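Counted from 1, the sequence shown has number 48 at position 33 by our numbering; the numbering is strictly sequential.
Some notes on the structure that comes next.
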Amino acid sequence: RALFIRASSYVKRGELENAVLDYNTLLETTPEDIDACYQRGTALEKLGDLDSAIADFTQVLQLNPNHVKAAYARGTCQNLKGDFIEAIEDYTVALERD
16 RALFIRASSY
26 VKRGELENAV
36 LDYNTLLETT
46 PEDIDACYQR
56 GTALEKLGDL
66 DSAIADFTQV
76 LQLNPNHVKA
86 AYARGTCQNL
96 KGDFIEAIED
106 YTVALERD
């Protein structure tokens, strides 16, 4: 858990690239770690890597279809990309499961 905490600390300090590196290392050993995958997605979104963020949020939703924050975050990324139909679908899922 120390690696997750360090990654979270990097995020708080605005060192998003370092956070992503730590989340990558963590997910190499525990790919089913929903929290790490979600947090990496949020860091990637802040870095502007929307496609990678969407991939992470999709992975979270595959592991836990009721993860409302991941559905909302994926919708936000879709919206930022201009993929409004997909964004509306994700926001609808988030609303239905909230």
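Here a beta-carbon is modelled for each residue, glycine too, at the ideal position from N, C-alpha and C.
Just so you know, these numbers come straight off a predicted model, no measurement behind them.
- [ ] Determine the DSSP secondary structure at Arg112, reduced to helix, strand or coil.
- [x] The answer is helix: DSSP assigns Arg112 an H, G or I state.
TODO: Just mark Thr40 as buried or exposed, buried being the case when its beta carbon has 16 or more other beta carbons within 10 Å.
DONE: Thr40 is classed as exposed because its beta carbon has fewer than 16 other beta carbons within 10 Å across all chains shown.
Open item on the list: Let's test the definition: count the other Cβ atoms within 10 Å of the Cβ of Arg55 and tell me whether it reaches 16, buried, or not, exposed.
Closed with: Buried, because 16 or more other Cβ atoms sit within 10 Å of the Cβ of Arg55.
Task: Segment limits, alpha helix (DSSP H) that includes Asn79 - done: Note, Asn79: premise wrong, no alpha helix (DSSP H); not H, not E.
- [ ] Could you check if Glu47 is buried or exposed, using at least 16 other CB atoms within 10 Å of its CB as the buried criterion?
- [x] Note on Glu47: under 16 other CB atoms within 10 angstroms of its CB, so exposed under the neighbour-count rule.
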